[in-house]
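Trainee:
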Amino acid sequence: MIADTFSLFLQYRRMLFEGIGNTFYLFFSIIYLSLCIGFVLFFMKHFLFKDSFILFLLNGLTYFTRSLPPYVYIVFITFYFFPANDFYNMMAIGVYALSILHGCTLSYDIKIAFFEIPLNQWILGKILGIQRAKFYFKIIIPQVIFRLVPRFFLCCKEILKNISLLSICGIPEFTNKICCLVSLSKRSYFLFLFTVLFYGFFSFVIDFFLQLVERKILFKIQNNDKR
Amino acid sequence: MIVIKDLLVFSQETLLFFIESLLLKEKNVFLLGGKTNYERSIFLQVLANLYQKFAGHVIIDEIIIERYSSRDFCKKIQYADQHGVLFSNMTIWGQFTYILSEYQIDFDIITNIINYHFEKVGLLETLPYYPSELSSSQKIIISVMQKIIIEPKYLLLDNPTEFLNRDEKMMLLYYLLDFKKKGNTLIINSDDEQLKSYFYEKEIILL
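From first to last, the protein sequence lines stand for chains G and R.
Residue numbers for the first sequence follow my numbering, beginning at 1 and rising by one.
Residue numbers for the second sequence follow my numbering, beginning at 1001 and rising by one.
This is the structure we're talking about:
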């Protein structure tokens, strides 16, 4: 049995590794886009359009995206909102849809991280006469990043899981080109086993780094907030 | 000139007396008395013009105070309380260099200034550490030094020795004496009898 599975692995290794490469590519592109969208949304909601009708629309958008299950959201966007005939266009639209979804959740996390900063830090900057722009970049934004990192790693785990939903768009994830073979072969359990192991290992890697970072950052945050 | 209308319930006479006495530099240390500790601390904050949220309280009288630009204002008046607030994402060394570089001082001079001040207080070892790694008493002393290092003319202190040991209190009092000897004024709100016996020169009673 072990020999059969190993032979299957050798037979389909190129396609499997292609699929892993696609997954990493999608993962990092969605993270990058969702971070950008998250910061832009936060900036627009709390600084630009603070007391205007546009804030109402932005809040509605975030509520809509966060309340729907990701499967329904992706199908709605890719098949009804921006319908495309091509496989690759569908995939791209799915990536944008996921990045908007996670950007909305990240904007909320950024807001929590921003307003968690104690008031005395702002007052100290005002007392000492530090210029506002420098004060934001040197003191406030590093503290926001410190507080955002644990929540960001949890968001990464969700992104990893939701990438599998992009197979709905037409290009299967790393059962690329072998989707028809899976149904015919007797050892189809092998491929599902491989997917489970891959997701489990990758999420373990993220958890490992999250714990390393949390130990150093949260210790500092807890001691700073104590008096 | 800017007229400050909204103030807390202090009589005009006490405030005018306070402002006039600031101009007399014969006696440089003023201790606040009368009223509760909370109201005395609010008085200091209103003087420092920092806590603008207190505007909107009871309107009594119009008081005219000279208004400076923000950087000049910070050079004139500084405020330090008993909590020991520091920038949490920077080391002590980094904070002081950043603050002094804002006032356009050369880096070589900055290192000399920082070493001089920290040697006086005996906290040279704390320079490479983050504020979360220090004790609360060290943070209180360093926060007072943060304001003194800018060399303001008037320093407003709100219960500076409340959470300090005897030795740390003496360290801070010696440091404040040096600040006073340079011709600057101290305005202190405290219930500490040791501080009063050490520093007592003129008392202002709030009614």
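For glycine and all other residues, C-beta sits at the position ideal for the given N, C-alpha and C.
Taking the Cβ atom as the reference point for each residue, do Ile100 of chain G and Ile37 of chain G lie within a distance shorter than 8 Å?
Mentor: Locating residue 100 of chain G in the first sequence gives position 100, where the first residue counts as 1. Locating residue 37 of chain G in the first sequence gives position 37, where the first residue counts as 1. Between Ile100 of chain G and Ile37 of chain G, the gap from beta carbon to beta carbon is short of 8 Å.
Trainee: Below 9 Å on C-beta distance, what does Gln1078 of chain R contact in chain G?
Mentor: Position 78 of the second sequence, counted from the first residue, corresponds to residue 1078 of chain R. Simply Ile127, Leu128.
Trainee: Quick check on Glu1208 of chain R: buried or exposed, where buried means 16 or more other Cβ atoms within 10 Å of its Cβ?
Mentor: Absent from the model: residue 1208 of chain R. The displayed extent of chain R is 1001 to 1207, so no value can be given.
Trainee: What residue from R:Lys1181, R:Met1171, R:Pro1160, R:Ser1197 has the CA that sits closest to Ile1188 of chain R's CA?
Mentor: Taking the second sequence and counting its residues from 1, the one referred to as residue 1188 of chain R is at position 188. Nearest option by C-alpha distance: R:Pro1160.
Trainee: Assuming Gly1183 of chain R is part of the beta strand (DSSP E), what are its boundary residues?
Mentor: For the purposes of this step, residue 1183 of chain R is taken as residue 183 along the second sequence, with counting starting at 1. Note, Gly1183 of chain R: premise wrong, no beta strand (DSSP E); not H, not E.
Trainee: Any C-beta of chain R sitting closer than 8 Å to the C-beta of Ile139 of chain G?
Mentor: On the first sequence, position 139 is the one that residue 139 of chain G refers to. Yes, its Cβ sits closer than 8 Å to a Cβ of chain R.
Trainee: Out of R:Phe1163, R:Gln1194, R:Lys1180, which has the shortest C-alpha to C-alpha gap to Gln1082 of chain R?
Mentor: As a position in the second sequence, residue 1082 of chain R is number 82, starting the count at 1. Of the candidates R:Phe1163, R:Gln1194, R:Lys1180, the one whose C-alpha sits nearest the C-alpha of Gln1082 of chain R is R:Phe1163.
Trainee: Gln1078 of chain R bridges to which residues according to DSSP?
Mentor: As a first step, residue 1078 of chain R is located in the second sequence; it is residue number 78 there, counting from the start. In the DSSP output, where bridge partners are listed per residue, Gln1078 of chain R has R:Leu1155.
Trainee: My guess is that Ile1140 of chain R and Met1171 of chain R are in contact by the Cβ rule of under 8 Å, so how many angstroms apart are they, rounded?
Mentor: Here residue 1140 of chain R refers to the residue found at position 140 when the second sequence is read from its first residue. Here residue 1171 of chain R refers to the residue found at position 171 when the second sequence is read from its first residue. About 11 Å separates the CB atoms of Ile1140 of chain R and Met1171 of chain R; that is not less than 8 Å, and the two are not in contact.
Trainee: I believe Lys1076 of chain R touches Tyr1174 of chain R by the beta-carbon criterion, under 8 Å. Please report the beta-carbon distance rounded to the nearest angstrom.
Mentor: Translated into positions along the second sequence, residue 1076 of chain R becomes position 76. Translated into positions along the second sequence, residue 1174 of chain R becomes position 174. Your pair Lys1076 of chain R and Tyr1174 of chain R does not check out as a contact, with CB atoms roughly 24 Å apart and the cut at 8 Å.
Trainee: So is Leu1186 of chain R buried or exposed if we call it buried at 16+ other beta carbons inside 10 Å?
Mentor: On the second sequence, residue 1186 of chain R is found 186 positions in, with the first residue counted as 1. The residue is buried, with at least 16 neighbouring Cβ atoms inside 10 Å.
Trainee: Going by DSSP in three states, Asn1165 of chain R sits in which element: helix, strand or coil?
Mentor: Start at 1 with the first residue of the second sequence, and residue 1165 of chain R comes out as number 165. DSSP places Asn1165 of chain R in coil when its eight states are reduced to three.
Trainee: So, using beta-carbon positions, are Leu91 of chain G and Leu166 of chain G closer together than 8 Å?
Mentor: Sequence index remark: in the first sequence, residue 91 of chain G carries index 91 (1-based). Sequence index remark: in the first sequence, residue 166 of chain G carries index 166 (1-based). This sequence places Met at residue 91 of chain G; Leu is not what is there. Result yes, Cβ atoms of Met91 of chain G and Leu166 of chain G sit closer than 8 Å.
Trainee: Does the ligand ZN have a heavy atom nearer than 7 Å to the CB of Val149 of chain G?
Mentor: Absence of the ligand ZN from the depicted structure is noted, as is the absence of any ligand whatsoever, leaving it without description.
Trainee: Note down, in chain order, each residue of its chain lying with its Cβ closer than 7 Å to the Cβ of Cys180 of chain G, except the 5 sequence neighbours on either side.
Mentor: Here residue 180 of chain G is taken as the residue at index 180 of the first sequence, counted from 1. For Cys180 of chain G, the predicted structure reports a pLDDT of 49, less than 50, and the residue's modelled location is therefore unreliable. A value from the coordinates is still provided. Same-chain partners within the cutoff: there are none.
Trainee: Run through DSSP, which three-state label would Leu128 of chain G get?
Mentor: Counted from its first residue, the first sequence places residue 128 of chain G at position 128. In this structure, Leu128 of chain G counts as coil in the three-state DSSP scheme.
Trainee: Would you check if the distance between the CB atom of Val72 of chain G and the CB atom of Ser29 of chain G is smaller than 8 Å?
Mentor: Position 72 of the first sequence, counted from the first residue, corresponds to residue 72 of chain G. Position 29 of the first sequence, counted from the first residue, corresponds to residue 29 of chain G. Not in contact: Val72 of chain G and Ser29 of chain G (Cβ atoms no closer than 8 Å).
Trainee: Would the beta-carbon of Pro1128 of chain R fall within 8 Å of that of Trp1093 of chain R?
Mentor: To locate residue 1128 of chain R, count along the second sequence from 1; it is residue 128. To locate residue 1093 of chain R, count along the second sequence from 1; it is residue 93. Yes; because the gap between Cβ atoms is below 8 Å, this pair is in contact.
Trainee: Who are the near neighbours of Thr1091 of chain R in its chain, counting only those whose CB is closer than 8 Å to its CB and skipping five residues on each side?
Mentor: Within the second sequence, the letter at position 91 stands for residue 1091 of chain R. Counting only Cβ-Cβ distances below 8 Å, and skipping sequence neighbours, we find Leu1127, Pro1128, Tyr1129, Tyr1130.
Trainee: Spatial neighbours of Glu1119 of chain R within its chain, please: CB distance less than 6 Å, with the 5 preceding and 5 following residues excluded, ordered by chain position.
Mentor: As a first step, residue 1119 of chain R must be located in the second sequence, where it is residue number 119. For Glu1119 of chain R, where only same-chain residues beyond five positions count, there are no Cβ hits under 6 Å.
Trainee: Between Leu148 of chain G and chain R, is there a C-beta pair that is closer than 8 Å?
Mentor: As a position in the first sequence, residue 148 of chain G is number 148, starting the count at 1. Chain R contact via Cβ: absent.
Trainee: Mapping the DSSP letters down to three states, classify Leu1123 of chain R as helix, strand or coil.
Mentor: Here the question's residue 1123 of chain R lines up with position 123 in the second sequence. Coil, per DSSP.
Trainee: Going along chain G in order, which residues have a C-beta closer than 7 Å to the C-beta of Val1085 of chain R?
Mentor: Residue mapping note: residue 1085 of chain R aligns to position 85 of the second sequence, counting from 1. The answer, in chain order, is Asn120, Leu124.
Trainee: What residue does the beta strand (DSSP E) around Leu1031 of chain R start on, and which one ends it?
Mentor: Counted from its first residue, the second sequence places residue 1031 of chain R at position 31. Here the beta strand (DSSP E) through Leu1031 of chain R covers 1029-1033.
Trainee: Is there at least one Cβ from chain G nearer than 8 Å to Glu1168 of chain R's Cβ?
Mentor: Position 168 of the second sequence holds residue 1168 of chain R. No, no contact with chain G.
Trainee: Of the residues R:Gly1183, R:Lys1181, R:Leu1177, which one's Cα is nearest the Cα of Lys1196 of chain R?
Mentor: Numbered from its first residue, the second sequence carries residue 1196 of chain R at position 196. Taking only the C-alpha atoms, the option nearest Lys1196 of chain R is R:Leu1177.
Trainee: Hey, how far is the Cα of Tyr136 of chain G from the Cα of Gln143 of chain G?
Mentor: Working through the first sequence from its first residue, we reach residue 136 of chain G at position 136. Working through the first sequence from its first residue, we reach residue 143 of chain G at position 143. C-alpha separation (whole angstroms): 10 Å.
Trainee: By the DSSP assignment, the alpha helix (DSSP H) with Gln1138 of chain R in it spans what residues?
Mentor: Here residue 1138 of chain R is taken as the residue at index 138 of the second sequence, counted from 1. First-last of the alpha helix (DSSP H) with Gln1138 of chain R: 1136-1148.
Trainee: Taking C-beta pairs closer than 7 Å, name the residues in chain G that Arg1071 of chain R reaches, listed in chain order.
Mentor: Locating residue 1071 of chain R in the second sequence gives position 71, where the first residue counts as 1. Here the neighbours are Gly129.
Trainee: Is Pro142 of chain G close to chain R? Criterion is C-beta to C-beta, closer than 8 Å.
Mentor: Your numbering for residue 142 of chain G matches position 142 in the first sequence. Yes, because at least one Cβ of chain R sits closer than 8 Å to the Cβ of Pro142 of chain G.
Trainee: For the alpha helix (DSSP H) holding Asn162 of chain G, just list the boundary residues, first then last.
Mentor: Here residue 162 of chain G refers to the residue found at position 162 when the first sequence is read from its first residue. Start and end: 141-163.
Trainee: How many Å lie between Ile145 of chain G and Gly19 of chain G at the Cα?
Mentor: Residue mapping note: residue 145 of chain G aligns to position 145 of the first sequence, counting from 1. Residue mapping note: residue 19 of chain G aligns to position 19 of the first sequence, counting from 1. Roughly 32 Å separates the two Cα atoms.
Trainee: Could you tell me which of R:Asp1192, R:Ile1105, R:Glu1039 sits nearest to Asn1165 of chain R, measuring between CA atoms?
Mentor: On the second sequence, residue 1165 of chain R is found 165 positions in, with the first residue counted as 1. The option with the nearest alpha carbon to Asn1165 of chain R is R:Asp1192.
Trainee: Is the Cβ-Cβ distance between Cys104 of chain G and Leu35 of chain G less than 8 Å?
Mentor: For the purposes of this step, residue 104 of chain G is taken as residue 104 along the first sequence, with counting starting at 1. For the purposes of this step, residue 35 of chain G is taken as residue 35 along the first sequence, with counting starting at 1. No, the Cβ-Cβ distance between Cys104 of chain G and Leu35 of chain G is not below 8 Å.
Trainee: Quick check on Asn1089 of chain R: does DSSP put it in helix, strand or coil?
Mentor: As a working note, residue 1089 of chain R is residue 89 in the second sequence. In the structure shown, Asn1089 of chain R sits in coil (DSSP, three-state: anything other than H, G, I, E or B).
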